[in-house]
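A.B. asks: Let me begin by handing over the structure; questions about it come next.
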Amino acid sequence: MNIDYNADVIVVGAGPAGVSAALEVARDGRKVVLIERAKYPGSKNMYGGAVYTTALREIFKEDFNSIPYERVINSHTWSFLNDTGSFDITYKNSSATSALAIKRFDLEKWMIKVAKKQGVLFAPNTLVEKLILKEGRVVGVETEQEQYFAPIVILADGVNSLLARQIGLRADFKSKDMILSVKEAIKLDKKTIEERFNLKDDCSNGVNKQYFGSYFGNLKEYKNLFMMTFLYTFKDTIMLGVGANLEDLNKNKLNLNQILEEIKLHPDIAPLIKNGQTVEYSAHLIPETGYNKMPKLTSDGVIVTGDAAGFINSVHFEGTNFALISGKLAGESAICALEKNDFSNATLSIYRKKLEKTFILQDLYTYRNIIEKLYERSNSISIYYPKKIKELFEIIVSANCISKSSQIRKYAMSYFKDRKISELFKDIFSAIKCVIDVFFGK
Amino acid sequence: MGKEENKKSIDKKISTVKFECSQNSHLTVNQAKCAKCKQKPCLFICPANVYIQDEETKEIVVQYENCLECGACKIVCPKKTIDWNYPASSFGVVYKNS
Numbered sequence: 010m011n012i013d014y015n016a017d018v019i020v021v022g023a024g025p026a027g028v029s030a031a032l033e034v035a036r037d038g039r040k041v042v043l044i045e046r047a048k049y050p051g052s053k054n055m056y057g058g059a060v061y062t063t064a065l066r067e068i069f070k071e072d073f074n075s076i077p078y079e080r081v082i083n084s085h086t087w088s089f090l091n092d093t094g095s096f097d098i099t100y101k102n103s104s105a106t107s108a109l110a111i112k113r114f115d116l117e118k119w120m121i122k123v124a125k126k127q128g129v130l131f132a133p134n135t136l137v138e139k140l141i142l143k144e145g146r147v148v149g150v151e152t153e154q155e156q157y158f159a160p161i162v163i164l165a166d167g168v169n170s171l172l173a174r175q176i177g178l179r180a181d182f183k184s185k186d187m188i189l190s191v192k193e194a195i196k197l198d199k200k201t202i203e204e205r206f207n208l209k210d211d212c213s214n215g216v217n218k219q220y221f222g223s224y225f226g227n228l229k230e231y232k233n234l235f236m237m238t239f240l241y242t243f244k245d246t247i248m249l250g251v252g253a254n255l256e257d258l259n260k261n262k263l264n265l266n267q268i269l270e271e272i273k274l275h276p277d278i279a280p281l282i283k284n285g286q287t288v289e290y291s292a293h294l295i296p297e298t299g300y301n302k303m304p305k306l307t308s309d310g311v312i313v314t315g316d317a318a319g320f321i322n323s324v325h326f327e328g329t330n331f332a333l334i335s336g337k338l339a340g341e342s343a344i345c346a347l348e349k350n351d352f353s354n355a356t357l358s359i360y361r362k363k364l365e366k367t368f369i370l371q372d373l374y375t376y377r378n379i380i381e382k383l384y385e386r387s388n389s390i391s392i393y394y395p396k397k398i399k400e401l402f403e404i405i406v407s408a409n410c411i412s413k414s415s416q417i418r419k420y421a422m423s424y425f426k427d428r429k430i431s432e433l434f435k436d437i438f439s440a441i442k443c444v445i446d447v448f449f450g451k
Numbered sequence: 221m222g223k224e225e226n227k228k229s230i231d232k233k234i235s236t237v238k239f240e241c242s243q244n245s246h247l248t249v250n251q252a253k254c255a256k257c258k259q260k261p262c263l264f265i266c267p268a269n270v271y272i273q274d275e276e277t278k279e280i281v282v283q284y285e286n287c288l289e290c291g292a293c294k295i296v297c298p299k300k301t302i303d304w305n306y307p308a309s310s311f312g313v314v315y316k317n318s
């Protein structure tokens with residue numbers, strides 16, 4: 010094939026996966042062009058609110074110290090919402106620095122600055138419309154203005170990856186494999202946030218809350234919908250958002266903003282955002298294709314990475330670390346192919362082998378059936394057990410002048426009387442199955 | 221929050237988002253196929269309320285200027301009639317606080 014290449018590698022998409030891939034290639038002294046459709050990197054991106062420092066340190070090395078974060082996130086609350094309150098578990102570690110609250114606009118801007126310094130050629134404001142194929146091999150990209158050629162193209166073009174779809178690396182998405190998430194950035198003054206969340210004024214600590222349990226407020230008719238609410242404290246902003254399965258939303262004919270608005274009125278959440286001003290609203294999809302529905306990760310001349318490959322762990326709210334490390338491995342694999350001067354799928358498939366040796370495919374494998382199990386039991390997790398937790402605590406705290414023993418017996422028996430007994434056994438078996446999957450995972 | 225109230229809520233929130241508006245829509249629907257679609261999930265699922273139905277003509281009106289580029293509409297569309305693309309370079313949503 011006689012092609013005049015413009016670069017060794019083209020990376021499409023300047024999110025964490027793309028920047029990490031481009032950096033890896035540039036550090037090997039090769040010419041890499043990183044193409045981004047947005048004028049400002051990060052301005053098309055949205056997430057919950059925290060990046061993980063282990064992966065960032067590995068990729069950005071000494072430059073990591075200059076990351077412009079807003080707060081260290083080192084207080085984690087898992088809250089089980091019911092209709093009038095919640096049951097919370099909080100873990101705090103004031104010296105932990107493993108997660109940082111940072112806005113994507115700031116994160117990507119910083120990442121690009123580091124990447125450019127290390128030789129990555131950055132082309133913002135450039136939409137790749139399609140991949141160029143020659144003899145079945147990807148040899149470049151076509152933007153609105155021109156064609157760029159490179160022996161390897163790395164697709165880091167995000168959850169909707171139109172380019173992976175173009176060349177048939179993935180099928181059309183099914184709505185049950187997608188979470189839709191909406192979020193509000195709610196502005197308050199810094200001092201108010203610190204008082205409300207009991208934070209120090211030097212941004213060395215911050216809060217992440219994850220709310221389980223479905224709360225529909227006045228939307229009483231909806232009962233079977235699995236949702237997760239999240240909250241992060243930034244310097245002078247609170248990020249509050251909710252994610253729900255797209256198929257569930259569709260079946261219930263529900264708009265996610267309706268749920269978010271109800272959540273904002275929940276007695277546990279309303280006081281936290283009181284008098285706040287919404288300064289931005291955003292929406293994004295989260296892929297839950299996981300291990301079982303993973304796209305084809307490589308083909309001749311092309312590698313897929315990050316969200317485009319569905320690399321996330323939604324149980325643990327991990328995504329940016331999967332993107333950063335998978336991007337790095339995509340970069341390493343591209344270098345391997347350049348060294349061999351062989352850009353075939355056979356050579357690039359080293360990428361999958363590398364992924365299998367890391368937490369990325371190991372965790373994806375471990376959790377391969379867990380999401381499905383959670384959905385199957387969503388009514389139990391979201392509605393039934395939060396209600397039972399409430400009943401138990403009412404016995405413990407209400408001092409209602411009834412003998413404790415009789416109340417506890419009645420409470421225990423209620424697990425067999427509330428619902429069909431089979432539901433209880435299904436919950437138990439699903440829980441055991443999940444524990445076994447995690448324990449004997451990769 | 222009811223459906224009408226929700227539309228108002230979304231419109232208010234969309235006003236907080238910065239957009240670079242293009243003259244050309246990056247979303248196209250096929251009105252003939254849409255007319256035959258019974259569910260029309262695009263009308264309720266979109267978190268930005270991009271799709272509305274014209275009361276007189278019953279056609280789907282695409283307010284692409286409000287699109288948050290999430291991609292949900294294309295996935296739930298039963299007839300797969302939404303031609304979903306990214307806005308041209310430099311256009312579309314500009315998140316600064318997300």
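Going down the list, the sequences are from chains A and B.
Residues 10 to 451 in my numbering are what the first sequence spells out, letter by letter.
Residues 221 to 318 in my numbering are what the second sequence spells out, letter by letter.
The C-beta atom is built at its ideal place from N, Cα and C for all residues, glycine as well.
Please read all numbers here as calculations on a predicted model, not as lab measurements.
1) Between A:Asp309, A:Phe326, A:Val324 and A:Asn301, which lies nearest to alanine 318 of chain A when the distance is taken from Cα to Cα?
2) What does DSSP give as the partner residues of asparagine 322 of chain A in its beta bridges?
3) What is the rounded straight-line gap between the Cα of lysine 118 of chain A and the Cα of lysine 126 of chain A?
4) Taking DSSP as the reference, what is the three-state secondary structure of tyrosine 241 of chain A?
5) Thinking C-alpha only, which one of A:Asp166, A:Ser308 and A:Asn350 is nearest isoleucine 176 of chain A?
6) For my contact list, serine 291 of chain A and lysine 192 of chain A are in at a C-beta cut-off of 8 Å; report their separation, rounded to the angstrom.
7) Can you check whether the C-beta of phenylalanine 320 of chain A is within less than 8 Å of a C-beta belonging to chain B?
8) What is the rounded straight-line gap between the Cα of lysine 316 of chain B and the Cα of isoleucine 68 of chain A?
9) Strictly under 8 Å for the Cβ-Cβ distance: is lysine 233 of chain B near chain A by that measure?
10) Name the chain B residues whose beta carbon is nearer than 8 Å to that of histidine 275 of chain A?
11) Which word fits tyrosine 9 of chain A, buried or exposed, when buried means at least 16 other C-beta atoms lie within 10 angstroms of its C-beta?
12) Could you check whether the Cβ of lysine 253 of chain B sits closer than 8 Å to any Cβ belonging to chain A?
13) Relative to the alpha-carbon of leucine 249 of chain A, which residue among A:Asp277, A:Gly57, A:Glu381 and A:Ile12 has its alpha-carbon at the smallest distance?
14) What residue from A:Asn330, A:Gly38, A:Val447 and A:Asn11 has the CA that sits closest to leucine 347 of chain A's CA?
15) Is there a C-beta anywhere in chain A that falls below 8 Å from the one on serine 309 of chain B?
16) Could you say which of A:Ala180, A:Lys183 and A:Ile44 lies nearest to glutamate 138 of chain A if we only look at CA atoms?
17) Identify whether phenylalanine 158 of chain A lies in helix, strand or coil by the three-state DSSP scheme.
18) Rounded to a whole number of angstroms, what is the C-alpha to C-alpha distance between tyrosine 420 of chain A and serine 431 of chain A?
19) Report yes if the CB atom of leucine 258 of chain A is closer than 8 Å to the CB atom of isoleucine 234 of chain B, and no otherwise.
20) Taking the alpha-carbon positions, what's the glutamate 341 of chain A to proline 133 of chain A distance?
21) When the distance is taken between beta carbons, is valine 21 of chain A closer than 8 Å to alanine 31 of chain A?
22) Express the C-alpha separation of tyrosine 241 of chain A and tyrosine 61 of chain A in angstroms, rounding to a whole number.
23) Find the nearest neighbour of proline 298 of chain B within the set A:Ile282, A:Lys183, A:Glu403 and A:Leu433, judged by alpha-carbon distance.
24) May I ask you to report which of helix, strand or coil DSSP gives lysine 53 of chain A?
25) Check whether the segment 222-238 of chain A and the segment 270-281 of chain A touch, using three or more Cβ-Cβ pairs below 8 Å as the test.
26) To which residues of the same chain is phenylalanine 352 of chain A closer than 8 Å at the C-beta, ignoring the five residues directly before and after it?
27) Thinking C-alpha only, which one of A:Ile195, A:Tyr49, A:Gln154 and A:Ser213 is nearest lysine 283 of chain A?
28) I need the straight-line Cα distance from isoleucine 12 of chain A to lysine 143 of chain A, nearest angstrom please.
29) Considering only the beta carbon of each residue, do alanine 59 of chain A and alanine 108 of chain A sit closer than 8 Å?
30) So, helix, strand or coil for phenylalanine 89 of chain A, using DSSP?
31) List the residues of chain B whose Cβ lies closer than 7 Å to the Cβ of threonine 298 of chain A, in chain order.
32) For threonine 290 of chain B, would you say it is in contact with chain A, using Cβ-to-Cβ distances shorter than 8 Å as the test?
33) For phenylalanine 264 of chain B, return the contacting residues in chain A, with the cut-off set at a CB-CB distance below 8 Å.
34) Sort out for me which residues DSSP pairs serine 95 of chain A with in a bridge.
35) If the criterion is Cβ atoms closer than 8 Å, does the pair alanine 255 of chain B and lysine 278 of chain B meet it?
36) Which residue from B:Met221, B:Thr236, B:Val282 and B:Ser309 puts its Cα closest to that of threonine 301 of chain B?
C.D. replies: The structure says:
1) A:Asn301
2) A:Glu327
3) 13 Å
4) strand
5) A:Ser308
6) 5 Å
7) no
8) 24 Å
9) yes
10) Chain B residues near histidine 275 of chain A: none, gap ~13 Å exceeds 8 Å.
11) The structure shown does not extend to residue 9 of chain A, since chain A is modelled only from 10 through 451, so no value can be given for it.
12) no
13) A:Gly57
14) A:Gly38
15) yes
16) A:Ile44
17) strand
18) 18 Å
19) no
20) 23 Å
21) no
22) 14 Å
23) A:Lys183
24) coil
25) yes
26) Arg146, Pro160, Ile161, Asp309, Gly310 and Ala346
27) A:Ile195
28) 10 Å
29) yes
30) strand
31) In chain order: nothing, as chain B lies at least about 12 Å away.
32) Here residue 290 of chain B is cysteine; the residue named in the question, threonine, does not match the sequence. Cysteine 290 of chain B counts as touching chain A.
33) Lys262, Leu263 and Asn264
34) A:Leu90
35) yes
36) B:Val282
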